[in-house]
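For reference, the structure discussed in these notes is given below.
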Amino acid sequence: MNQKLKETFREITELNCDEKFYKAYFEASKSQHTLEQFLADIDKEDAIRRHLVIPDLLPNIISYYMDDDEYFSENDGRNIFISRHNRYTPGFTHKHNFFEIVYVYSGKCVQNIGRKRLCFQRGDFIFIAPGVFHNIEVFNDNTTVFNILLKKATFYQMFAPLMKQNDIVSEFFSEGLYNSQHINYLIFHTGATGKPNIQKHMIQLYQEHLFHDACSDQIMIGMMTILVGLITRYYLSTVESSLTDNKRQEPDHFMVLNYIQLNLNTVTLTDVAKHFGFSISYCSRLIKASTGLSFNEWRSALRMRRAERMLLNTNKTVAAISEELGYMNPETFIRSFKKFTQMTPTQYRKQIDSYTRN
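Just so we're aligned, residue 1 is where the sequence shown starts under the UniProt record's numbering, counting upward by one.
In C-alpha coordinates:
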(Lines of atoms letter the chains of each structure in order from A and count residues from 1; the text may use other names and numbers.)
(Lines give C-alpha, C1' and ligand atoms only; values in the text may rest on other atoms or scores of the structure.)
Protein backbone atom coordinates (compact mmCIF):
# COMPACT_ATOMS: atom_id res chain seq x y z
CA MET A 1 0.00 0.00 0.00
CA ASN A 2 1.51 3.36 -1.04
CA GLN A 3 1.93 6.24 1.40
CA LYS A 4 -0.93 8.34 0.00
CA LEU A 5 -3.33 5.42 0.26
CA LYS A 6 -2.22 4.79 3.85
CA GLU A 7 -2.85 8.43 4.72
CA THR A 8 -6.25 8.28 3.01
CA PHE A 9 -7.37 5.24 5.00
CA ARG A 10 -6.05 6.80 8.21
CA GLU A 11 -8.07 9.95 7.51
CA ILE A 12 -11.18 7.85 6.86
CA THR A 13 -10.98 5.60 9.91
CA GLU A 14 -9.56 7.75 12.73
CA LEU A 15 -11.68 10.28 14.61
CA ASN A 16 -10.47 13.79 13.82
CA CYS A 17 -10.36 16.68 16.29
CA ASP A 18 -13.90 17.88 15.50
CA GLU A 19 -15.29 14.34 15.74
CA LYS A 20 -13.73 13.88 19.17
CA PHE A 21 -15.43 17.09 20.26
CA TYR A 22 -18.79 16.00 18.79
CA LYS A 23 -18.50 12.57 20.42
CA ALA A 24 -17.89 14.19 23.81
CA TYR A 25 -20.87 16.50 23.15
CA PHE A 26 -23.01 13.49 22.20
CA GLU A 27 -22.06 11.63 25.38
CA ALA A 28 -22.55 14.73 27.55
CA SER A 29 -26.05 15.25 26.11
CA LYS A 30 -27.27 12.07 27.80
CA SER A 31 -27.85 13.99 31.03
CA GLN A 32 -28.71 17.62 31.68
CA HIS A 33 -26.04 18.01 34.37
CA THR A 34 -23.15 16.72 32.24
CA LEU A 35 -24.41 18.73 29.25
CA GLU A 36 -24.43 21.98 31.22
CA GLN A 37 -20.93 21.28 32.52
CA PHE A 38 -19.68 20.41 29.02
CA LEU A 39 -21.14 23.59 27.49
CA ALA A 40 -19.67 25.74 30.25
CA ASP A 41 -16.16 24.51 29.41
CA ILE A 42 -16.36 25.31 25.68
CA ASP A 43 -14.13 28.06 24.27
CA LYS A 44 -16.74 29.98 22.26
CA GLU A 45 -14.19 31.86 20.16
CA ASP A 46 -12.52 28.61 19.14
CA ALA A 47 -15.90 26.99 18.41
CA ILE A 48 -16.92 29.90 16.18
CA ARG A 49 -13.60 29.82 14.33
CA ARG A 50 -14.01 26.09 13.68
CA HIS A 51 -17.70 26.52 12.74
CA LEU A 52 -18.68 23.77 15.16
CA VAL A 53 -22.35 22.81 15.20
CA ILE A 54 -23.47 23.31 18.83
CA PRO A 55 -27.25 23.91 18.86
CA ASP A 56 -27.35 24.20 22.66
CA LEU A 57 -24.73 26.96 22.74
CA LEU A 58 -24.34 28.58 19.31
CA PRO A 59 -27.61 28.16 17.37
CA ASN A 60 -26.90 31.41 15.55
CA ILE A 61 -23.98 30.03 13.51
CA ILE A 62 -25.96 27.12 12.06
CA SER A 63 -26.79 27.78 8.42
CA TYR A 64 -30.19 26.48 7.27
CA TYR A 65 -29.58 27.50 3.67
CA MET A 66 -26.21 26.99 2.00
CA ASP A 67 -25.24 28.58 -1.27
CA ASP A 68 -22.20 28.10 -3.49
CA ASP A 69 -19.86 30.37 -1.53
CA GLU A 70 -20.23 28.12 1.54
CA TYR A 71 -18.09 25.48 -0.18
CA PHE A 72 -16.94 26.81 -3.55
CA SER A 73 -14.48 29.67 -3.11
CA GLU A 74 -13.99 31.94 -6.10
CA ASN A 75 -10.27 31.84 -5.29
CA ASP A 76 -9.64 28.10 -5.65
CA GLY A 77 -11.76 27.38 -8.75
CA ARG A 78 -13.16 24.07 -7.50
CA ASN A 79 -16.33 22.65 -9.04
CA ILE A 80 -16.55 19.56 -6.84
CA PHE A 81 -16.23 19.48 -3.07
CA ILE A 82 -15.84 16.18 -1.22
CA SER A 83 -15.80 15.74 2.52
CA ARG A 84 -16.08 12.90 4.97
CA HIS A 85 -19.06 13.60 7.20
CA ASN A 86 -17.91 14.22 10.74
CA ARG A 87 -19.26 11.44 12.93
CA TYR A 88 -21.40 12.52 15.90
CA THR A 89 -22.22 15.91 14.34
CA PRO A 90 -25.62 17.01 15.72
CA GLY A 91 -28.20 16.60 12.98
CA PHE A 92 -29.38 19.98 11.67
CA THR A 93 -31.93 20.39 8.91
CA HIS A 94 -30.76 22.49 5.97
CA LYS A 95 -30.86 22.80 2.21
CA HIS A 96 -28.62 24.21 -0.51
CA ASN A 97 -28.75 25.41 -4.09
CA PHE A 98 -26.53 22.67 -5.53
CA PHE A 99 -26.70 18.89 -5.90
CA GLU A 100 -25.39 16.66 -3.12
CA ILE A 101 -24.42 13.01 -3.38
CA VAL A 102 -24.06 11.02 -0.16
CA TYR A 103 -22.16 7.72 -0.20
CA VAL A 104 -22.16 5.28 2.72
CA TYR A 105 -18.68 3.78 2.55
CA SER A 106 -19.11 1.66 5.67
CA GLY A 107 -21.58 1.11 8.49
CA LYS A 108 -25.10 2.52 8.73
CA CYS A 109 -26.67 5.97 9.02
CA VAL A 110 -30.02 7.74 9.05
CA GLN A 111 -31.10 10.60 6.79
CA ASN A 112 -34.20 12.73 7.07
CA ILE A 113 -35.06 13.99 3.58
CA GLY A 114 -38.12 16.20 3.37
CA ARG A 115 -40.52 14.47 5.74
CA LYS A 116 -39.13 10.96 5.27
CA ARG A 117 -36.79 9.25 7.71
CA LEU A 118 -34.61 6.75 5.85
CA CYS A 119 -32.00 4.21 6.97
CA PHE A 120 -28.96 3.56 4.78
CA GLN A 121 -26.14 1.04 4.83
CA ARG A 122 -22.81 0.31 3.20
CA GLY A 123 -22.84 0.85 -0.56
CA ASP A 124 -25.84 3.19 -0.73
CA PHE A 125 -25.64 6.31 -2.91
CA ILE A 126 -28.18 9.06 -2.21
CA PHE A 127 -28.62 11.88 -4.73
CA ILE A 128 -30.30 14.90 -3.11
CA ALA A 129 -31.77 17.62 -5.31
CA PRO A 130 -31.20 21.37 -4.80
CA GLY A 131 -33.70 23.04 -2.48
CA VAL A 132 -34.66 19.90 -0.52
CA PHE A 133 -34.46 20.05 3.29
CA HIS A 134 -32.46 17.19 4.80
CA ASN A 135 -30.14 16.16 7.62
CA ILE A 136 -27.96 13.19 8.48
CA GLU A 137 -27.28 11.27 11.70
CA VAL A 138 -24.05 9.30 12.19
CA PHE A 139 -23.63 8.47 15.88
CA ASN A 140 -21.04 5.68 15.99
CA ASP A 141 -17.30 5.22 15.36
CA ASN A 142 -17.63 2.63 12.61
CA THR A 143 -19.64 4.46 9.95
CA THR A 144 -17.93 6.41 7.17
CA VAL A 145 -20.06 8.67 4.98
CA PHE A 146 -18.84 10.87 2.14
CA ASN A 147 -20.57 14.04 0.95
CA ILE A 148 -20.00 15.06 -2.66
CA LEU A 149 -21.19 18.55 -3.58
CA LEU A 150 -21.51 19.71 -7.18
CA LYS A 151 -22.21 23.12 -8.65
CA LYS A 152 -25.31 23.13 -10.86
CA ALA A 153 -23.34 24.19 -13.94
CA THR A 154 -20.78 21.45 -13.35
CA PHE A 155 -23.53 18.91 -12.81
CA TYR A 156 -25.09 19.83 -16.15
CA GLN A 157 -21.78 19.55 -18.01
CA MET A 158 -21.07 16.15 -16.47
CA PHE A 159 -24.46 14.51 -16.76
CA ALA A 160 -26.15 16.10 -19.78
CA PRO A 161 -26.14 12.74 -21.65
CA LEU A 162 -28.15 11.12 -18.84
CA MET A 163 -30.90 13.73 -19.26
CA LYS A 164 -31.67 12.49 -22.77
CA GLN A 165 -32.92 9.16 -21.50
CA ASN A 166 -36.58 8.53 -20.73
CA ASP A 167 -36.35 7.32 -17.14
CA ILE A 168 -36.57 8.54 -13.55
CA VAL A 169 -32.84 9.40 -13.42
CA SER A 170 -33.19 11.75 -16.38
CA GLU A 171 -36.28 13.33 -14.82
CA PHE A 172 -34.51 13.87 -11.49
CA PHE A 173 -31.47 15.56 -13.03
CA SER A 174 -33.52 17.74 -15.37
CA GLU A 175 -35.93 18.91 -12.67
CA GLY A 176 -33.09 19.78 -10.32
CA LEU A 177 -31.45 21.98 -12.91
CA TYR A 178 -34.64 23.82 -13.82
CA ASN A 179 -36.01 24.26 -10.28
CA SER A 180 -39.15 22.24 -10.90
CA GLN A 181 -38.38 19.51 -8.40
CA HIS A 182 -40.92 16.76 -7.73
CA ILE A 183 -38.33 14.06 -7.09
CA ASN A 184 -36.47 14.97 -3.91
CA TYR A 185 -33.93 12.19 -4.01
CA LEU A 186 -32.67 9.07 -5.77
CA ILE A 187 -31.15 6.10 -3.96
CA PHE A 188 -28.91 3.48 -5.58
CA HIS A 189 -28.09 0.34 -3.56
CA THR A 190 -24.67 -0.80 -4.81
CA GLY A 191 -24.13 -3.23 -1.92
CA ALA A 192 -21.02 -4.09 0.07
CA THR A 193 -19.31 -6.20 -2.61
CA GLY A 194 -20.79 -4.87 -5.81
CA LYS A 195 -19.11 -5.10 -9.20
CA PRO A 196 -17.57 -2.97 -10.47
CA ASN A 197 -15.78 -2.03 -7.24
CA ILE A 198 -17.56 1.22 -6.40
CA GLN A 199 -15.68 1.53 -3.10
CA LYS A 200 -12.35 1.56 -4.92
CA HIS A 201 -13.54 4.31 -7.30
CA MET A 202 -14.78 6.37 -4.35
CA ILE A 203 -11.46 6.07 -2.50
CA GLN A 204 -9.56 7.17 -5.60
CA LEU A 205 -11.87 10.18 -5.96
CA TYR A 206 -11.45 11.14 -2.30
CA GLN A 207 -7.68 10.68 -2.53
CA GLU A 208 -7.59 13.12 -5.44
CA HIS A 209 -9.51 15.59 -3.28
CA LEU A 210 -7.14 15.20 -0.31
CA PHE A 211 -3.96 15.63 -2.35
CA HIS A 212 -5.30 18.46 -4.48
CA ASP A 213 -3.18 20.14 -7.15
CA ALA A 214 -3.76 22.30 -10.24
CA CYS A 215 -5.05 19.34 -12.28
CA SER A 216 -7.21 17.74 -9.60
CA ASP A 217 -10.49 19.50 -10.35
CA GLN A 218 -10.53 18.39 -13.99
CA ILE A 219 -9.48 14.87 -13.01
CA MET A 220 -12.21 14.70 -10.36
CA ILE A 221 -14.85 15.78 -12.88
CA GLY A 222 -13.78 12.90 -15.12
CA MET A 223 -13.69 10.41 -12.24
CA MET A 224 -17.09 11.53 -11.00
CA THR A 225 -18.60 11.19 -14.48
CA ILE A 226 -17.29 7.62 -14.70
CA LEU A 227 -18.50 6.78 -11.19
CA VAL A 228 -22.08 7.94 -11.85
CA GLY A 229 -22.03 6.22 -15.24
CA LEU A 230 -21.08 2.92 -13.58
CA ILE A 231 -23.77 3.34 -10.94
CA THR A 232 -26.52 3.99 -13.49
CA ARG A 233 -25.28 1.19 -15.77
CA TYR A 234 -25.04 -1.57 -13.16
CA TYR A 235 -27.45 -0.51 -10.41
CA LEU A 236 -30.38 1.19 -12.15
CA SER A 237 -32.59 -1.74 -11.14
CA THR A 238 -32.00 -0.90 -7.45
CA VAL A 239 -33.05 2.75 -7.70
CA GLU A 240 -35.59 4.22 -5.27
CA SER A 241 -37.05 7.72 -5.42
CA SER A 242 -39.48 10.05 -3.71
CA LEU A 243 -42.24 11.80 -5.60
CA THR A 244 -43.64 14.54 -3.35
CA ASP A 245 -45.64 17.72 -3.51
CA ASN A 246 -42.89 20.29 -3.01
CA LYS A 247 -45.32 22.83 -1.59
CA ARG A 248 -46.06 20.54 1.36
CA GLN A 249 -42.49 19.74 2.13
CA GLU A 250 -41.41 22.75 4.19
CA PRO A 251 -42.82 23.51 7.63
CA ASP A 252 -43.52 27.16 8.42
CA HIS A 253 -40.37 27.73 10.42
CA PHE A 254 -38.03 26.50 7.68
CA MET A 255 -39.81 28.62 5.08
CA VAL A 256 -39.50 31.69 7.28
CA LEU A 257 -35.82 31.12 8.12
CA ASN A 258 -35.06 30.46 4.48
CA TYR A 259 -36.84 33.67 3.40
CA ILE A 260 -34.79 35.69 5.89
CA GLN A 261 -31.56 34.17 4.62
CA LEU A 262 -32.40 34.75 0.96
CA ASN A 263 -33.30 38.42 1.57
CA LEU A 264 -30.72 39.10 4.24
CA ASN A 265 -29.53 42.53 3.10
CA THR A 266 -32.97 44.20 3.17
CA VAL A 267 -35.38 41.99 5.13
CA THR A 268 -37.40 43.30 8.09
CA LEU A 269 -39.77 41.49 10.44
CA THR A 270 -42.66 43.32 8.77
CA ASP A 271 -41.49 42.04 5.36
CA VAL A 272 -41.46 38.45 6.62
CA ALA A 273 -44.90 38.68 8.22
CA LYS A 274 -46.39 40.29 5.10
CA HIS A 275 -44.82 37.73 2.75
CA PHE A 276 -46.30 34.74 4.63
CA GLY A 277 -49.54 36.38 5.70
CA PHE A 278 -48.64 36.07 9.39
CA SER A 279 -49.12 38.62 12.13
CA ILE A 280 -45.91 40.28 13.28
CA SER A 281 -46.29 38.81 16.77
CA TYR A 282 -46.80 35.25 15.42
CA CYS A 283 -43.82 35.65 13.11
CA SER A 284 -41.67 36.91 15.98
CA ARG A 285 -42.67 33.99 18.23
CA LEU A 286 -42.04 31.46 15.46
CA ILE A 287 -38.50 32.78 14.88
CA LYS A 288 -37.78 32.81 18.61
CA ALA A 289 -39.07 29.25 19.02
CA SER A 290 -37.02 27.99 16.06
CA THR A 291 -33.71 29.71 16.79
CA GLY A 292 -33.77 30.83 20.42
CA LEU A 293 -33.12 34.36 19.16
CA SER A 294 -35.18 37.42 18.32
CA PHE A 295 -35.60 38.42 14.67
CA ASN A 296 -32.92 41.13 14.94
CA GLU A 297 -30.50 38.79 16.72
CA TRP A 298 -31.06 36.03 14.14
CA ARG A 299 -30.66 38.39 11.18
CA SER A 300 -27.47 39.81 12.70
CA ALA A 301 -26.07 36.31 13.31
CA LEU A 302 -26.75 35.32 9.69
CA ARG A 303 -25.10 38.50 8.44
CA MET A 304 -22.05 37.82 10.57
CA ARG A 305 -21.79 34.24 9.30
CA ARG A 306 -22.03 35.46 5.71
CA ALA A 307 -19.46 38.16 6.47
CA GLU A 308 -17.08 35.50 7.78
CA ARG A 309 -17.40 33.52 4.55
CA MET A 310 -16.85 36.62 2.43
CA LEU A 311 -13.77 37.61 4.44
CA LEU A 312 -12.44 34.09 4.06
CA ASN A 313 -13.31 33.37 0.44
CA THR A 314 -13.17 36.75 -1.34
CA ASN A 315 -10.91 39.78 -1.59
CA LYS A 316 -13.77 42.25 -1.11
CA THR A 317 -13.10 45.25 1.09
CA VAL A 318 -14.77 45.65 4.47
CA ALA A 319 -16.79 48.54 3.04
CA ALA A 320 -18.00 46.43 0.11
CA ILE A 321 -19.00 43.56 2.41
CA SER A 322 -20.80 45.99 4.71
CA GLU A 323 -22.82 47.41 1.81
CA GLU A 324 -23.64 43.98 0.39
CA LEU A 325 -24.98 42.85 3.76
CA GLY A 326 -27.29 45.85 4.01
CA TYR A 327 -25.52 47.99 6.60
CA MET A 328 -25.95 51.75 6.36
CA ASN A 329 -22.24 52.35 6.96
CA PRO A 330 -19.06 50.29 7.55
CA GLU A 331 -18.71 51.49 11.15
CA THR A 332 -22.00 49.84 12.17
CA PHE A 333 -20.94 46.62 10.45
CA ILE A 334 -17.51 46.65 12.15
CA ARG A 335 -19.09 47.14 15.60
CA SER A 336 -21.55 44.29 15.01
CA PHE A 337 -18.82 42.00 13.70
CA LYS A 338 -16.55 42.71 16.68
CA LYS A 339 -19.41 42.02 19.08
CA PHE A 340 -20.01 38.66 17.38
CA THR A 341 -16.39 37.47 16.99
CA GLN A 342 -14.42 39.66 19.43
CA MET A 343 -12.38 40.83 16.42
CA THR A 344 -12.70 43.48 13.75
CA PRO A 345 -13.20 42.19 10.18
CA THR A 346 -9.60 43.08 9.34
CA GLN A 347 -8.27 41.24 12.39
CA TYR A 348 -10.46 38.24 11.57
CA ARG A 349 -9.17 38.07 7.99
CA LYS A 350 -5.54 38.27 9.18
CA GLN A 351 -6.09 35.56 11.78
CA ILE A 352 -7.74 33.21 9.28
CA ASP A 353 -4.96 33.85 6.75
CA SER A 354 -2.39 33.04 9.42
CA TYR A 355 -4.28 29.91 10.50
CA THR A 356 -4.56 28.72 6.88
CA ARG A 357 -0.85 29.19 6.24
CA ASN A 358 0.02 27.20 9.34
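For every residue, glycine included, the Cβ atom is placed at its ideal position computed from N, Cα and C.
This one's a predicted model, so the numbers in the text were calculated from it and none came from an experiment.
Our two residues, S29 and Y156, have alpha carbons roughly 43 Å apart in a direct line. Cβ-Cβ distances below 7 Å link G107 to R122, N140, N142, T143, T144 in the same chain, with the five nearest sequence neighbours on each side left out; the list follows chain order. With distances taken between CA atoms, H209 lies nearest to I148 out of I62, T93, I148, I226. DSSP places E100 within a strand segment (E or B) once states are collapsed to three. Contact check for I187 and V239: beta-carbon distance about 7 Å, within the 8 Å limit, so the pair qualifies. Apart from sequence neighbours up to five positions away, the residues of its chain that approach T270 with a beta-carbon distance below 8 Å are I280, ordered along the chain. Here the segment 113–120 makes no contact with the segment 74–92; the two share fewer than three CB pairs at distances below 8 Å. Within the DSSP bridge table, the entry for H94 names H134 as partners. A distance below 8 Å between beta-carbons, with the five flanking residues on each side excluded, links D217 to the following residues of its chain, in chain order: G77, R78, N79, I80. Scanning the segment 11–70 from its first residue to its last, the whole alpha helix (DSSP H) runs of 4-plus residues come out as 17–28, 32–40, 44–49. DSSP lists I82, I101 as the bridge partner or partners of I148. Taking all protein chains shown into account, L262 has fewer than 16 neighbouring C-beta atoms within 10 Å of its C-beta and is therefore exposed. In this structure, the CA atom of H51 is about 22 Å from the CA atom of I287.
If you draw a straight line from the Cα of L57 to the Cα of P90, it is about 12 Å long. DSSP, read as helix, strand or coil, puts Y206 in helix.
If the five residues before and after E45 are omitted, its C-beta is found closer than 7 Å to the C-beta atoms of Q342, all from its own chain and listed in chain order. The three-state reading of DSSP puts Q342 in coil, since its state is none of H, G, I, E or B. In the three-state reduction of the DSSP assignment, V110 falls in the strand class.
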